[in-house]
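Heads up, the thing below is written out as structure tokens.
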Amino acid sequence: MREDIFNFLRKHQNEFVSGQQISEQLGVSRTAVWKHIRALKQKGYVIESYTKKGYCLREAPELLSPEALEKGLASSEFGQHIVYRERVDSTNNVAKQLADDGAPEGTVVIAEEQTGGRGRLSRSFHSPFAKGLWFSVILRPAIPPMEVSKMTLLAAVALARSLRAHGLSDCGIKWPNDILIHGRKMVGILTELNGSAEKVNYIIMGIGVNTGITEGDLPEDLKDIVTSFAMEGVAVHRTELLQTILSELEQLYHTVCQEGFAPILAQWRILSCMLGQKVSVSSVNRSFTGTAADIDDDGNLIVETEGGVEKVMAGDVHVRPV
Numbered sequence: 021m022r023e024d025i026f027n028f029l030r031k032h033q034n035e036f037v038s039g040q041q042i043s044e045q046l047g048v049s050r051t052a053v054w055k056h057i058r059a060l061k062q063k064g065y066v067i068e069s070y071t072k073k074g075y076c077l078r079e080a081p082e083l084l085s086p087e088a089l090e091k092g093l094a095s096s097e098f099g100q101h102i103v104y105r106e107r108v109d110s111t112n113n114v115a116k117q118l119a120d121d122g123a124p125e126g127t128v129v130i131a132e133e134q135t136g137g138r139g140r141l142s143r144s145f146h147s148p149f150a151k152g153l154w155f156s157v158i159l160r161p162a163i164p165p166m167e168v169s170k171m172t173l174l175a176a177v178a179l180a181r182s183l184r185a186h187g188l189s190d191c192g193i194k195w196p197n198d199i200l201i202h203g204r205k206m207v208g209i210l211t212e213l214n215g216s217a218e219k220v221n222y223i224i225m226g227i228g229v230n231t232g233i234t235e236g237d238l239p240e241d242l243k244d245i246v247t248s249f250a251m252e253g254v255a256v257h258r259t260e261l262l263q264t265i266l267s268e269l270e271q272l273y274h275t276v277c278q279e280g281f282a283p284i285l286a287q288w289r290i291l292s293c294m295l296g297q298k299v300s301v302s303s304v305n306r307s308f309t310g311t312a313a314d315i316d317d318d319g320n321l322i323v324e325t326e327g328g329v330e331k332v333m334a335g336d337v338h339v340r341p342v
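FYI, in the working numbering the residues of the sequence shown are 21 to 342.
So this is what it looks like as structure tokens:
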């Protein structure tokens, strides 16, 4: 019904239509019309409303279109099958179900909004309506399960290259799964595995990119740690950005299939904003500080401390100002 109300307003864009007109045309109560229009406003639709005049649609957010996305794709596999949803709990959850049902490699699930987006260590990932790219890619690589963690590094390289191509030349990779700009988070990556100790059945690569988020969209606890294209003052077209990301992901994925992860790790080192910086490492059992020196061939972070060299395989790594 909400979509029907929007389509009616769009048909009469920049004209006032009364709640009674909408009610009669669509066979819904005026109270329901008011509630749906309020929800549209909360999602970023600019709708004027005045007593005795009704409602007038002035501006609607740019929504993603699978058809438009497919037309400009440079990739041959990634994005050739697209599942688009306006609202989901998590694109990773939808992608898992599709993968279980046999969806082909390169299938992309994208949503305008996630109500239960998540990151590493079960953290929530803020994913407001039409303010970012919230999507997941299904992969079926012929790699051993022990190498799956390096797929996150692959994604980080692809995202950093894509963001730089769209005007964010200062962005860098924070180990293992974030893209930062000026110390604030722009991108989150969550790679999830389905398989056994011997075999990878499939991987779900979940990605969130903040595009149109403003400070007013953020809860208080995120205002000092999150940024977006809009907050950095850089205009971006979401469809074009997604096309670039999928092309970069596919190119790097084919590199791994043909040459292994060594070229990816080399690119990661170049694009990292962590190496050479003081970091604080915390895990369930211990915490320590040191200098992020490198990543090894397995993608683990090498940290030099006063007591020696530490290899970090899991945990929460924070970049600390020198």
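We put the beta carbon where it would ideally sit given N, CA and C, even for glycine.
Taking a cut-off of 8 Å for Cβ pairs, the region 156 to 173 and the region 189 to 199 touch, as three or more such pairs fall below it. In the displayed model, Ile224 falls within a strand according to three-state DSSP. Taking the Cα positions, Pro164 is about 11 Å away from Tyr222. In this chain, the alpha helix (DSSP H) harbouring Ile25 covers 22 to 31. Beta bridge pairing from DSSP links Glu133 with Arg107. In the DSSP assignment, Asp314 is bridged to Ile322. For the pair Ser110 and Gly327, the Cα-to-Cα distance works out to about 42 Å. Here the region 315 to 326 makes no contact with the region 200 to 210; the two share fewer than three CB pairs at distances below 8 Å. Per DSSP, reduced to three states, the secondary structure at Arg204 is strand. For Phe98, the closest alpha carbon among the candidates Ile158, Gly310, Phe36 is that of Ile158. When secondary structure is reduced to three states using DSSP, Thr172 falls in the helix class.
Our two residues, Ile130 and Thr259, have alpha carbons roughly 11 Å apart in a direct line. The beta carbons of Arg107 and Glu132 sit about 7 Å from each other, so the pair counts as a contact at 8 Å.
If only complete runs of 4 or more residues are kept, the region 35 to 115 shows the alpha helix (DSSP H) at 39 to 46, 50 to 62, 86 to 91, in order along the chain. Between Gly203 and Ser292, the C-beta spacing is not below 8 Å. According to the DSSP secondary-structure assignment, Phe308 is paired through a beta bridge with Val301. By the beta-carbon neighbour count (other beta carbons within 10 angstroms, threshold 16), Val53 is buried. Three or more Cβ pairs drawn from the region 85 to 99 and the region 260 to 269 lie within less than 8 Å of each other, which places the two stretches in contact. Taking each of Leu238, Met166, Ser248, Arg58 in turn and checking the Cα distance to Val220, the smallest one comes out for Met166. Boundaries of the beta strand (DSSP E) around Glu330: 328 to 332. Under the DSSP assignment, Leu266 falls outside any beta strand (DSSP E), being part of the alpha helix (DSSP H) whose first and last residues are 258 to 279. Bounds of the beta strand (DSSP E) holding Leu159 are 152 to 159. Taking all protein chains shown into account, Arg58 has fewer than 16 neighbouring C-beta atoms within 10 Å of its C-beta and is therefore exposed. Residue pairing for Ile199: DSSP places it in a beta bridge opposite Ile193, Val207. Residue state for Leu213 is assigned as strand, using DSSP reduced to three classes. Under the three-state reduction of DSSP output, Ser182 falls in the helix class. Bounds of the alpha helix (DSSP H) holding Ile284 are 282 to 291. Nearest in C-alpha terms to Lys298, of all of Arg306, Ala286, Ser307, Ala312, is Ala312. Beta bridge pairing from DSSP links Val177 with no other residue.
Residue burial is scored here from C-beta neighbours: Gln287 has at least 16 other C-beta atoms within 10 angstroms and is therefore classed as buried. Taking Phe308 as the centre and dropping the five residues before and after it, the same chain places the C-beta of Val301, Thr325, Glu330 closer than 7 Å to its C-beta, in chain order.
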